[in-house]
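Protein chains in written order, with this note's numbering: chain A, 91 to 545; chain B, 749 to 855.
We put the beta carbon where it would ideally sit given N, CA and C, even for glycine.
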Amino acid sequence: MSPTWVQLAYLVAALCFVLALKGLSTPRHARAGNLLGAAGMALAVVTAYVHGAVHNGLLIALAVAAGVAVGIPAARSVKMTAIPQMVALFNGVGGAAAALVALTEFLAVPHGSVLFQAATALTVLIGSVSFSGSVVTFLKLQEVMTTRPVLLPAGRLLGIGVAVACAVLALAVVLTGNSVLLVLLALAGLALGVLFVLPVGGADVPIAISLLNAFTGLAVAASGYVLANTLLIVSGTLVGASGTILTRLMAQAMGRPLTNILFGAFQTTAATARTDEQRTVRAGTVEDVAIMLGYAHSVLVVPGYGLAVAQGQHAARELAQVLEQRGVTVHYGIHPVAGRMPGHMNVLLAEADVPYEHLKELDDVNPGIGSVDVVLVVGANDVVNPGARDEPSSPIYGMPIFDVDRARAVVFMKRSMRPGFAGVDNSLLYHPKTTMLFGDAKESLTKLLAAVKQV
Amino acid sequence: MIDLLTIFVLAVFVGFEVVSKVSTILHTPLMSGANAIHGVILVGAILITGRAEHALEIALGLAAVFLATVNVVGGFVVTDRMLEMFKGHKAGKPVKSATNGHREVGE
Chain A
91 MSPTWVQLAY
101 LVAALCFVLA
111 LKGLSTPRHA
121 RAGNLLGAAG
131 MALAVVTAYV
141 HGAVHNGLLI
151 ALAVAAGVAV
161 GIPAARSVKM
171 TAIPQMVALF
181 NGVGGAAAAL
191 VALTEFLAVP
201 HGSVLFQAAT
211 ALTVLIGSVS
221 FSGSVVTFLK
231 LQEVMTTRPV
241 LLPAGRLLGI
251 GVAVACAVLA
261 LAVVLTGNSV
271 LLVLLALAGL
281 ALGVLFVLPV
291 GGADVPIAIS
301 LLNAFTGLAV
311 AASGYVLANT
321 LLIVSGTLVG
331 ASGTILTRLM
341 AQAMGRPLTN
351 ILFGAFQTTA
361 ATARTDEQRT
371 VRAGTVEDVA
381 IMLGYAHSVL
391 VVPGYGLAVA
401 QGQHAARELA
411 QVLEQRGVTV
421 HYGIHPVAGR
431 MPGHMNVLLA
441 EADVPYEHLK
451 ELDDVNPGIG
461 SVDVVLVVGA
471 NDVVNPGARD
481 EPSSPIYGMP
491 IFDVDRARAV
501 VFMKRSMRPG
511 FAGVDNSLLY
521 HPKTTMLFGD
531 AKESLTKLLA
541 AVKQV
Chain B
749 MIDLLTIFVL
759 AVFVGFEVVS
769 KVSTILHTPL
779 MSGANAIHGV
789 ILVGAILITG
799 RAEHALEIAL
809 GLAAVFLATV
819 NVVGGFVVTD
829 RMLEMFKGHK
839 AGKPVKSATN
849 GHREVGE
């Protein structure tokens, strides 16, 4: 048993974490909440170091310093658009750390109680799944590999096989306490994590990240049993529970049940089959669009990830201001999953000084969308795809969308006719009231800005 | 053992309760913040390395310390960066006008 002062310090740290999560759920206290969490963490780590680093103190300090030297620059330099994959990566290393902790403790104390061995097996398994799964989500979001669902031949069977192998190995570890089996379990867990995330489609990857985040929480909680440490149990469980709820909330925002996202694997990836049909696309010039915008009464901007990638937020805001000076009402329609994660687009636009009041959600926009003169879709696609509303066969059917096809005119700013992140064809691109403006979002916006000033 | 189970069950409920009402805007920062908090595994990593005696254990333990530290500091810094943007705006920072004086109103 640790001395009382250590227990008390852990208790304070755990309280800090609860309040941090509470704070992060309300806009006003979010930043303070995060700082409080960091303070609690600092207290816990210093306590553990002072009390527990009997041996290897210097080495531990060096490892922490190395971690800080890697973590802070990575977190500081990452572009706002790349935040989701950064979170995935941080989550993955956390999972790996949990697995390593359990593995190390197991080597040091080879024959503990059954409960100890069960907790060890669980930590190693979940930690490994979380690590390899997070790495795959990182590769997907970074577009190192395809963002589309990857369906291996007999992938489902393979997945079930590996899952069964994991269960058997875990049971064997609990019964025998054999460390070789534990290492095999870790490897099986790594394979399971990869197989688990591969079939998840691009647009659903954030949900997978959130779920893996909850997994890491559980791994940390299980490691708390291994080490009989209440702080780890409480904090890990907190993250596991809140992560699960958050995952559900995110899935709800996308209008799709969680099971569908994880196991549905977009079986209709071939929904783009209709592209051989002859369909015409109307491409417009910058001047055409400038006139449409300049003489409109109300304009709705629907930004998507393409805008963020092109770093066009500032150009979009300037364009909106020029239009407003002409007496045009400009609003932004922010889809819950615009960008790559729920809330991601709000972060990006806030960065560009777009006033909060101009950001409208689905329910604010859709009822009055018929009176919007021009909808400017900048680098978005799936969130305005009428297929999500009208075609039950569409892989994104059921996801709430902006009904921009009901507005008077639509301008799509896109780099190409390529389908969106979910890899689904969009019939709106071929609609008679749609004008396409091809090119990089930022460049087009800058040209548009100049052209509108001339109108 | 039952003590630990009690703690676990209570923590589950607290976890459910604290995030039950959260607006979409905050989903990403909340996830990132929770991500930083599970970096508390750093405590476990320090404790096991602090009592490790064999080379293999020390090496594994140090690797865990390193990875957990990346998780902790990276997680908190990224979350803070996200939230900083919201806050700068809430403070009512005046939006700079984009005109350069030669605006034409062609009505």
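On the premise that residue j lies in contact with residue i, defined as a C-beta separation below 8 angstroms, what is that separation, rounded to the nearest angstrom?
| i | j | result |
| --- | --- | --- |
| P289 of chain A | P239 of chain A | 5 angstroms |
| A478 of chain A | V760 of chain B | Contact doesn't hold; Cβ gap of about 34 angstroms is too wide. |
| S534 of chain A | L527 of chain A | 6 angstroms |
| T320 of chain A | I755 of chain B | 6 angstroms |
| G469 of chain A | G374 of chain A | With a Cβ gap of about 17 angstroms, G469 of chain A and G374 of chain A do not count as contacting. |
| I796 of chain B | T194 of chain A | 5 angstroms |
| V371 of chain A | L466 of chain A | Actually they do not touch by this definition, with Cβ atoms about 17 angstroms apart. |
| G113 of chain A | A122 of chain A | 6 angstroms |
| G217 of chain A | A318 of chain A | Incorrect: roughly 18 angstroms between the Cβ atoms, too far for contact. |
Do you know whose CA, among the options, lies nearest residue i's CA?
| i | options | result |
| --- | --- | --- |
| D515 of chain A | A:M526, A:N456, A:S484 and A:V500 | A:S484 |
| G792 of chain B | A:A138, A:A132, A:M131 and A:A164 | A:A138 |
| N475 of chain A | A:G202, A:A129 and A:R496 | A:R496 |
| I546 of chain A | A:L114, A:V191 and A:L438 | As shown, chain A starts at 91 and ends at 545. That puts residue 546 of chain A outside it, with no answer to give. |
| G822 of chain B | B:V788, B:A803, B:H802 and B:I796 | B:V788 |
| V96 of chain A | A:A156, A:V473 and A:V140 | A:V140 |
| L758 of chain B | A:S325, A:E441 and A:A406 | A:S325 |
| Q415 of chain A | A:L274, A:G394, A:H387 and A:L466 | A:H387 |
| V191 of chain A | A:L231, A:I381, A:A276 and A:V160 | A:A276 |
| A341 of chain A | A:L261, A:L322, A:A298 and A:C256 | A:A298 |
| N268 of chain A | A:G458, A:V199 and A:G142 | A:V199 |
| E447 of chain A | A:N471, A:S461, A:Y422 and A:G469 | A:Y422 |
| A187 of chain A | B:T827, B:F824, B:D828 and B:A807 | B:A807 |
| V399 of chain A | A:G417, A:A428 and A:Q411 | A:A428 |
| M489 of chain A | A:D472, A:V500 and A:R498 | A:D472 |
| V270 of chain A | A:L197, A:V226 and A:V418 | A:L197 |
| A499 of chain A | A:F492, A:P522 and A:G157 | A:P522 |
| M749 of chain B | A:V264, A:L205 and A:V135 | A:L205 |
| V264 of chain A | A:M235, A:V316 and A:V295 | A:V316 |
| L885 of chain B | A:A304, A:T327, A:V160 and A:V501 | Since the first residue of chain B shown is 749 and the last is 855, residue 885 of chain B is not available in this structure. |
| P393 of chain A | A:I335, A:P426, A:Q411 and A:V462 | A:P426 |
| V545 of chain A | A:V287, A:A164 and A:V379 | A:V379 |
| I381 of chain A | A:L452, A:T334, A:M435 and A:D463 | A:D463 |
| A257 of chain A | A:V287, A:D294 and A:L215 | A:L215 |
| G202 of chain A | A:S167, A:T266 and A:A156 | A:T266 |
If I measure Cβ to Cβ from residue i and keep anything under 6 angstroms in the same chain, skipping five residues before and after, which residues do I get?
| i | result |
| --- | --- |
| E589 of chain A | This structure leaves residue 589 of chain A out entirely; chain A is present only between 91 and 545. |
| L126 of chain A | C106, L109 and A110 |
| A312 of chain A | A209, L212 and T213 |
| S224 of chain A | A178, N181, G182 and L302 |
| A531 of chain A | G396, L397, A400, G402, V468, G469 and M503 |
| S222 of chain A | L280, G283 and V284 |
| T306 of chain A | N181, G184, G185 and S220 |
| A812 of chain B | A793 |
| V168 of chain A | M176 |
Once the 5 residues before and after residue i are set aside, which same chain residues still bring their CB inside 8 angstroms of it?
| i | result |
| --- | --- |
| A253 of chain A | L282 |
| V102 of chain A | G130 and L133 |
| L285 of chain A | L242, G245, L248, G249 and V252 |
| R338 of chain A | L348 |
| Q232 of chain A | A172 and Q175 |
Closer than 7 angstroms by C-beta to residue i: which residues in its own chain qualify, once you throw out the five before and the five after it? Chain order, please.
| i | result |
| --- | --- |
| L413 of chain A | L383, V389, V420 and V542 |
| T827 of chain B | P777, S780, G781 and A784 |
| F824 of chain B | A784 |
| E481 of chain A | Y487 |
| L259 of chain A | L271, L274, L275 and A278 |
| L831 of chain B | P777 |
| M235 of chain A | L229 |
| S92 of chain A | H141 |
Across which residues does DSSP place residue i in a beta bridge pair?
| i | result |
| --- | --- |
| S388 of chain A | A:T419 |
| M526 of chain A | A:A373 and A:F502 |
| V465 of chain A | A:L390 and A:V500 |
| K230 of chain A | DSSP lists no partner for K230 of chain A. |
| K450 of chain A | A:G423 |
Exercise for review: Would you list, in chain order, the members of the region 778-797 of chain B that have their beta-carbon closer than 9 angstroms to a beta-carbon of chain A?
Suggested key: Listed in sequence order: L778, M779, S780, G781, A782, N783, A784, I785, H786, G787, V788, I789, L790, V791, G792, A793, I794, L795, I796 and T797.
Check your understanding: What residues in the region 312-336 of chain A bring their beta carbon closer than 9 angstroms to a beta carbon of chain B?
Key -> S313, G314, Y315, V316, L317, A318, N319, T320, L321, L322, I323, V324, S325, G326, T327, L328, V329, G330, A331, S332, G333, T334, I335 and L336
Check your understanding: What are the residues of the region 436-447 of chain A that lie near chain B, defined by any Cβ-Cβ distance shorter than 7 angstroms?
Key -> N436, V437, A440, E441, D443, P445 and Y446
Check your understanding: the region 136-151 of chain A: which residues have C-beta closer than 7 angstroms to a C-beta of chain B, in chain order?
Key -> A138, Y139, G142, A143, V144, H145, N146, L149 and I150
Practice item. Could you name the residues of the region 808-824 of chain B whose beta carbon sits closer than 9 angstroms to any beta carbon of chain A, in the order they occur along the chain? Key: L808, G809, L810, A811, A812, V813, F814, L815, A816, T817, V818, N819, V820, V821, G822, G823 and F824
Practice item. Determine which residues of the region 523-543 of chain A have a Cβ less than 9 angstroms from any Cβ of chain D, and write them out in chain order. Key: Considering every chain present, this structure includes no chain D. Its protein chains are A and B.
Check your understanding: In the region 173-197 of chain A, which residues sit with their C-beta less than 7 angstroms from some C-beta in chain B, listed in chain order?
Key -> I173, M176, V177, F180, N181, V183, G184, A186, A187, A188, L190, V191, L193, T194, E195 and L197
Review point. When you check each C-beta in the region 753-765 of chain B against every C-beta of chain A, which residues fall closer than 8 angstroms?
Key: I755, F756, A759, V760, F761, V762, G763 and F764
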